[in-house]
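For reference, the structure is listed below as structure tokens.
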Amino acid sequence: MLRQYELVDRVLAYDPDADEDLLNRAYVFSIQAHGSQLRASGDPYFSHPIEVAGILTELKLDAETIATGILHDTIEDTVATTEQIERLFGANVARLVDGVTKLSKIEAQTENERAAENLRKFLLAMSDDIRVLLVKLADRLHNMRTLHFIKSDEKRRRIARETMDIYAPLAERIGLYGFMDELQALSFKHLEPEGYDSIVKRLELLRAGGGDMVARITSGIKLLLGQSGIEADVRGREKRPFSIWKKMQDRRMAFENLPDVMAFRVVVPDTAGAYRALGIIHQRWPAVPGRFKDFISTPKRNGYRSLHTTVMHSERVRIEIQIRTAEMDREAEFGLAAHWAYKQGDDGAPARHAYPWLRDLLEILEQAATPEELLEHTRLAMFQDQVFAFTPKGELIQLPAGACPVDFAYAVHTDLGDTCVGSKVNGRVVPLRTPLANGDQVEILRSKAQHPDPLWEGFVVSVKARSAVRRFVRQQQRSQQLKMGRTLYDEVVARLKLPLSDDAVTAGLARLKLADRNALYLALARATVSDTAVLEAVLPGSTANLKTKKRGKAGPRAPISIRGLTPGVAFQLADCCHPIPGDRIVGVACPGTGIEVHGIDCANLADPGEGEWLDLHWGEETESAVARLFAVVHNQPGSLAALTAILAHHGANIVNLTLKERDRAFHGFVVDIEVDDLAHLTNIIAALRATQAVVSVERVKA
Ligand code: MN
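Mapping the sequence shown onto this note's numbering, position 226 (from 1) lands on 218, and the numbers just tick up by one.
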């Protein structure tokens, strides 16, 4: 285990301005917090976070990230709290530790490839500060290095599978090839112990036969380039068992037929040197056709630059050679971490946060689309628009950004969406319209009696939720309209005072060009066909001697919207009570005109036989409605002018003015005025009453 001063020295070696005190305090805090906890290896638990921090120093990360490594398990595994971490180590470290803790929630949930893909996306989406992901990867790397201490075969395999499926691809995505290699190698060992053993044995055999070929070939290349004046650093290695295994599987090859088990890296001072070195190597050894790749002129989408070639070193030995500059080499090893550490040095001060780097990263990941480069085909840009939340059982649900618990419910199951009445997010009851955040745990409260609420359409964002709500609303509207139309129809045909045969109805439908009775009901409800037209259709000539009710012309004067009314159903404000916005209103179905909207205290409502009342409310779009007043003014010059002046002053348009009563002293007028709402009308009445010319004024409601 790294000692305190060793760790601090490592950081100071690449960042002399690093906050030493922060590192020291984190070190001591972590040891105290983990106390006597032990690892499966028998080591004290705190050795793990310290080693994780050590791995992070290899990426030359800032002191906050190193401190996060030291503290990364304190919230989850000890009594320490986020508040405490924040108080002691500042908001940034607290946020980072919290982020790592959240990522740890996802372990043990990768039953299938789809789940793995979701989890990878989730990890990236969660890591809005990429340092969180780096700490998590270092954490996983150290856990993999010590995986053999875990006794349970099943648990080892599970962790190795997860590493192979999730963390190694993530390391690759952010260009951390060193991490990726080691994670894959360690996972492979635990997942395919037999394959691993057989490859290791065969490599040993090969080595025994050829002596130290790697060393011989390495010095040969170095010598060859040196003769041409190229100062190159050449390193050779046997390929890792996992990459050999993978190649064997990819190409369906037997081990004997796979001679390029050695790989060499040639690091040269500059780009021109890289191409010269390539030329010299190709002159000396024949290139294997189809294996040359120039990632310098065309870098990989994640920024990787290098020349790759495979040559026949001798009759039976193919070798793979990568040629690159020192800078390219550093980037390939440490990915964007190297890039960042490098950038950080430019202005002398450590970057306060990693966001510029994150932007770079996102840009690069966004462009990474070929399967060769990435295991995932999904573009990262897509999950910038996404949010990931958990079910109480820990299943991960992927949703569009801005999704609320209703979207979540529909994503889990349509039934759950249809019957949801409330939600708990992270254990707290929240409104159904609350936007979800990455990592939220969502519990849906449901009731069998619940139906999708049309209001949901105003805030759901997922296609599934939206279409479910719309479908339900359409169905509901249709059934309401059918019911309404049915009532209207019954009233219309009742006027015939004789039974109507099915044939007559069928003939009537044909005349009206309607498919069936339901179509007729809907037409009546929507007032697209009049009651007289229906009577004429079912019994031609019947309306001639039938007294049909006279109605005012349908449709409101000004835009009016009413809530509670099925959209598409025709309505009109009742002539008798002249309801205006602010009045409590109800609807009554009337043949021929659809729905009549009355004030709740309208005298006509007492009249039985008008059908059932619909509970209605004024909609927001209502601009104005007509109110009726009865005003008595003094019979003297200027009285009427005074009255109209007040109405004009209050912006109330006079629609109708009728002299109703007249005697020597007083004139009584019925005045219909357009008003915005009840408050508007109340003001007008008050103003009129305060006027000398006006004796009395009352609203007429029936
Ligand atoms: Mn850990």
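Each residue gets a CB set at the ideal place from its N, CA and C atoms; glycine is no exception.
This one's a predicted model, so the numbers in the text were calculated from it and none came from an experiment.
Among the options, which residue has its Cα nearest to the Cα of residue i?
| i | options | result |
| --- | --- | --- |
| His626 | Arg478, Asp575, Leu680 and Glu613 | Leu680 |
| Val85 | Pro281, Glu56 and Leu95 | Glu56 |
| Leu183 | Arg470, Glu307, Ile209 and Trp237 | Trp237 |
| Val206 | Leu608, Arg257, Ile222 and Leu512 | Arg257 |
| Phe180 | Leu195, Arg194 and Thr155 | Thr155 |
| Arg276 | Pro291, Ala457, Thr302 and Thr263 | Thr302 |
| Phe744 | Asn135, Glu186, Ala318 and Ser144 | Lying before the first or after the last residue shown, residue 744 is absent from the chain, which here runs from -7 to 694. |
| Ala671 | Ala623, Ser616, Ala324 and Ala393 | Ser616 |
| Phe380 | Lys214, Val434, Val421 and Gly414 | Val434 |
| Gly61 | Gln76, Leu80 and Leu15 | Leu15 |
| Ser96 | Phe81, Ala130 and Glu75 | Ala130 |
| Ile47 | Val485, Glu(-2), Pro8 and Thr74 | Glu(-2) |
| Val692 | Ala507, Arg620 and Asp189 | Arg620 |
| Ala322 | Glu50, Ala633 and Ala457 | It should be noted that the sequence gives Arg, not Ala, for residue 322. It is Glu50 whose Cα lies nearest to the Cα of Arg322. |
| His659 | Phe141, Ala623 and His642 | Ala623 |
| Arg208 | Glu387, Gly574, Gln(-4) and Val226 | Val226 |
| Ile122 | Glu230, Val92, Arg148 and Leu139 | Val92 |
| His570 | Glu588, Ile191, Ala685 and Val561 | Glu588 |
| Lys128 | Ser190, Ala45, Gln684 and Arg150 | Ala45 |
| Gln468 | Asp607, Thr558 and Leu639 | Thr558 |
| Pro573 | Leu608, Ala581, Gln219 and Gly560 | Leu608 |
Where does residue i sit, in a helix, a strand or coil, going by DSSP?
| i | result |
| --- | --- |
| Ile311 | strand |
| Gln684 | coil |
| Val259 | strand |
| Ala72 | coil |
| Leu565 | strand |
| Val578 | strand |
| Pro291 | coil |
| Leu299 | strand |
| Arg656 | coil |
| Ala694 | coil |
| Gln442 | coil |
| Val689 | strand |
| Arg487 | coil |
| Val530 | helix |
| Ala279 | strand |
| Ser22 | helix |
| Ile572 | coil |
| Val453 | coil |
| Gln29 | coil |
| Asn510 | helix |
| Ile592 | coil |
| Gln433 | strand |
| Met613 | According to the sequence displayed, residue 613 carries Glu and not Met. Looking at Glu613 - three-state DSSP - the assignment turns out to be coil, as it is neither helix nor strand. |
| Val667 | strand |
| Asn627 | coil |
| Pro392 | strand |
| Lys230 | Strictly speaking, residue 230 in this sequence is Glu, with Lys absent from that position. Strand. |
| Ala10 | coil |
| Ile676 | helix |
Give the C-beta separation of residue i and residue j to the nearest angstrom, bearing in mind that I take them to be a contact with Cβ-Cβ under 8 Å.
| i | j | result |
| --- | --- | --- |
| Arg503 | Ala529 | 4 Å |
| Val280 | Met304 | 6 Å |
| Ser553 | Glu483 | Incorrect: roughly 26 Å between the Cβ atoms, too far for contact. |
| Arg555 | Gly611 | 5 Å |
| Phe496 | Leu531 | The amino acid at residue 496 is misidentified as Phe; the sequence shows Ala. Confirmed, Cβ separation roughly 6 Å. |
| Leu168 | Leu53 | The pair is not a contact, with the Cβ atoms about 12 Å apart (cut-off 8 Å). |
| Val421 | Gly431 | Val421 to Gly431, Cβ: 19 Å. No contact. |
| Gln473 | Leu501 | That belief does not hold up - the Cβ atoms of Gln473 and Leu501 are roughly 17 Å apart, past 8 Å. |
| Val696 | Ile213 | As shown, the chain starts at -7 and ends at 694. That puts residue 696 outside it, with no answer to give. |
| Leu175 | Ala163 | 6 Å |
| Pro491 | Ile436 | No, Pro491 and Ile436 are not in contact; Cβ-Cβ is about 52 Å, not under 8 Å. |
| Ala324 | Ile288 | That belief does not hold up - the Cβ atoms of Ala324 and Ile288 are roughly 12 Å apart, past 8 Å. |
| Gly586 | Ala566 | That pair is no contact at about 12 Å. |
| Thr683 | Ile638 | 6 Å |
Does the beta-carbon of residue i, which I'm using as the reference point, lie nearer than 8 Å to any heavy atom of the ligand HEM?
| i | result |
| --- | --- |
| Val44 | The ligand HEM is not part of the structure shown, which contains the ligand MN as its ligands. |
Meets three-Cβ-pair contact criterion under 8 Å: the stretch 444 to 457 and the stretch 398 to 415: yes
The stretch 15 to 27 contacting the stretch 63 to 70, beta-carbon criterion three pairs below 8 Å: yes
Any 3 or more C-beta pairs closer than 8 Å across the stretch 297 to 311 and the stretch 231 to 245: no
Touch test, the stretch 654 to 674 against the stretch 588 to 596, Cβ-Cβ under 8 Å, three pairs minimum: no
The stretch 40 to 51 contacting the stretch 82 to 96, beta-carbon criterion three pairs below 8 Å: no
Any heavy atom of the ligand MN within less than 5 Å of residue CB: hits in chain order: Asp65 and Asp131
At least 3 beta-carbon pairs within less than 8 Å: the stretch 662 to 671 vs the stretch 628 to 647: yes
The stretch 380 to 394 contacting the stretch 450 to 464, beta-carbon criterion three pairs below 8 Å: yes
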